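Mapping of the sequence shown onto full-length UniProt numbering: residues 1 to 342, in sequence order.
Encoded as structure tokens, the structure appears first; notes follow it.
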Amino acid sequence: MLPRVLLCGEIEYVQDECKKMFHGIAEVIHLVSDSRSHFLSSFGPGGPYEGTVALYRRNTSSEVVGKFDAPLIHALADTSMVRWIAQSGGGYDEIDVQACKERGILVSNTPRANEDATATATLYLMLSCLRHFSMAERSLRSGTWKTPFNAAQTHDVTGRTLGILGLGGIGLRFAHLAHAFPMRIIYFSRRKAESAPDWCEYVSSVEELCKQADILSLHVPLNPSTVGMIGEKEIGTLQRGSVLLNTSRGRIMDQEAMIRALEDGHLSSVGLDVYPDEPRVDPRLLTFPRCTLLPHIGGESAEAWRTRELQALGNLRAFVLGGVGEDIVPELRTVIGNSTTL
Numbered sequence: 001m002l003p004r005v006l007l008c009g010e011i012e013y014v015q016d017e018c019k020k021m022f023h024g025i026a027e028v029i030h031l032v033s034d035s036r037s038h039f040l041s042s043f044g045p046g047g048p049y050e051g052t053v054a055l056y057r058r059n060t061s062s063e064v065v066g067k068f069d070a071p072l073i074h075a076l077a078d079t080s081m082v083r084w085i086a087q088s089g090g091g092y093d094e095i096d097v098q099a100c101k102e103r104g105i106l107v108s109n110t111p112r113a114n115e116d117a118t119a120t121a122t123l124y125l126m127l128s129c130l131r132h133f134s135m136a137e138r139s140l141r142s143g144t145w146k147t148p149f150n151a152a153q154t155h156d157v158t159g160r161t162l163g164i165l166g167l168g169g170i171g172l173r174f175a176h177l178a179h180a181f182p183m184r185i186i187y188f189s190r191r192k193a194e195s196a197p198d199w200c201e202y203v204s205s206v207e208e209l210c211k212q213a214d215i216l217s218l219h220v221p222l223n224p225s226t227v228g229m230i231g232e233k234e235i236g237t238l239q240r241g242s243v244l245l246n247t248s249r250g251r252i253m254d255q256e257a258m259i260r261a262l263e264d265g266h267l268s269s270v271g272l273d274v275y276p277d278e279p280r281v282d283p284r285l286l287t288f289p290r291c292t293l294l295p296h297i298g299g300e301s302a303e304a305w306r307t308r309e310l311q312a313l314g315n316l317r318a319f320v321l322g323g324v325g326e327d328i329v330p331e332l333r334t335v336i337g338n339s340t341t342l
């Protein structure tokens with residue numbers, strides 16, 4: 001009997017490639033559960049997921065299974081042979097990686113797969129917030145032409161200082177796109193990025209980044225150390241009339257502090273693709289016409305999805321063939337020579 005790989009979320013773009021990748025080495029099975037309890041009880045003898053050694057996971061599966069939190073991970077380890085979870089996407093905050101580490105389950109994600117898509121979405125948000133393009137389009141569609149659009153309240157990109165919090169793959173790609181404009185670009189990361197070009201200046205702290213930036217763009221992963229990373233103090237440190245962009249995760253920013261800053265004019269606008277309690281969007285955000293709001297589609301394009309699916313499935317295939325896949329998330333990575341182990 002071949003080992004089984006369970007798809008927690010459908011493959012949409014590379015169905016044929018998926019069949020070829022696992023032909024003769026693993027049986028690919030699909031999620032049939034309609035509840036979390038059925039999911040967890042289905043890995044035992046005679047269950048639909050018996051013999052499953054690895055999972056492919058999309059966030060859409062949380063609608064049935066819920067997040068892969070500590071209780072689920074511990075139950076999964078107790079009742080199944082699963083030792084690898086391949087997350088389809090760069091963000092893996094819906095998986096409790098500490099619980100996975102405790103139970104010997106490795107987790108991979110798909111870094112780089114949606115760098116271009118997310119970076120270009122961030123570029124759009126920046127331009128729209130400065131020039132109020134979203135508001136202008138809404139005025140045209142509503143038949144009011146340029147009302148309430150007011151050119152005197154818009155600004156060119158030229159001469160602005162863009163501050164990037166987190167110069168990982170997406171942050172660096174956004175920096176390169178923004179460099180097409182005559183902007184000063186500064187960044188802060190936990191450590192100075194070796195890959196940063198000379199024109200991308202490193203600053204020593206989040207506070208210093210906020211002091212100097214006209215536009216602050218967030219590109220850090222969500223984890224316990226980044227929840228609420230941009231709060232009252234950081235927003236207050238920004239210059240009055242600044243723009244705040246977030247295409248990472250909603251909980252990185254203190255939404256209440258952000259809304260207060262919009263209300264008193266300290267922030268001129270915000271460009272958001274992510275929110276703390278998705279898909280719910282705080283209705284107060286809809287009352288600020290200069291803001292540009294997207295429904296978490298920044299990393300979604302046909303090219304990004306195809307790359308993401310292939311990368312996640314490739315991680316699974318490598319695990320099935322050799323016991324260790326690629327793209328293990330940093331919290332579970334220990335590098336010894338050229339090998340990667342838990």
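Built from N, CA and C at the ideal position, the CB exists for glycine as well.
A quick note: this is a predicted structure, and the numbers were derived from the prediction, not measured.
Per DSSP, reduced to three states, the secondary structure at Y124 is helical.
The Cβ atoms of L216 and L165 lie closer than 9 Å to each other.
F174 sits in a helix when the DSSP states are folded into three classes. The stretch 89-107 makes contact with the stretch 67-74: 3 or more CB pairs, one atom from each, lie closer than 8 Å. Under the Cβ criterion (8 Å, minimum of three pairs), the stretch 32-46 does not count as touching the stretch 83-94. Look at the stretch 229-306 and you find these whole runs of alpha helix (DSSP H), each 4 residues long or longer: 232-237, 255-263. Per DSSP, reduced to three states, the secondary structure at S108 is strand. The Cβ atoms of N59 and R308 do not sit closer than 9 Å to each other.
Annotation for E102: the continuous alpha helix (DSSP H) segment containing it runs 97-103.
In this structure, the CA atom of V82 is about 48 Å from the CA atom of Q212. Close CB contacts of F149 within its chain, under the 7 Å cut and outside five residues either way in sequence, are with H132, M135, A136, S139 (chain order). In the DSSP assignment, V5 is bridged to V28, A54.
Per DSSP, the unbroken beta strand (DSSP E) holding E201 starts and ends at 200-202.
Of the residues assessed, W199 falls on the exposed side of the cut-off, its CB having fewer than 16 other CB atoms within 10 angstroms. Pairing D156 with L125 gives a Cβ-Cβ distance that is not under 9 Å. Less than 9 Å separates the beta-carbon of M253 from that of L244. DSSP places G166 outside both helix and strand once states are collapsed to three, so it counts as coil.
Note on geometry: alpha-carbon atoms of R249 and R317 lie some 29 Å from one another. Under the DSSP definition of a beta bridge, F68 partners with I95. Taking 9 Å as the cut-off, the Cβ atoms of A119 and H176 count as close. Scanning I230, I85, I235 for the CA closest to the CA of A312 turns up I85. About 4 Å separates the Cβ atoms of R290 and S269, confirming a contact at the 8 Å cut-off. Per the C-alpha coordinates, the member of R260, L310, E303, R4 positioned closest to T287 is R260. Taking 9 Å as the cut-off, the beta carbon of L267 is found no closer than this to the beta carbon of G298. Here P48 is not near V320, since their CB atoms are 9 Å or more apart.
Here the alpha carbons of G169 and I328 stand approximately 16 Å from one another. By the neighbour-count criterion, in which a residue is buried when 16 or more other Cβ atoms sit within 10 angstroms of its Cβ, S225 is exposed.
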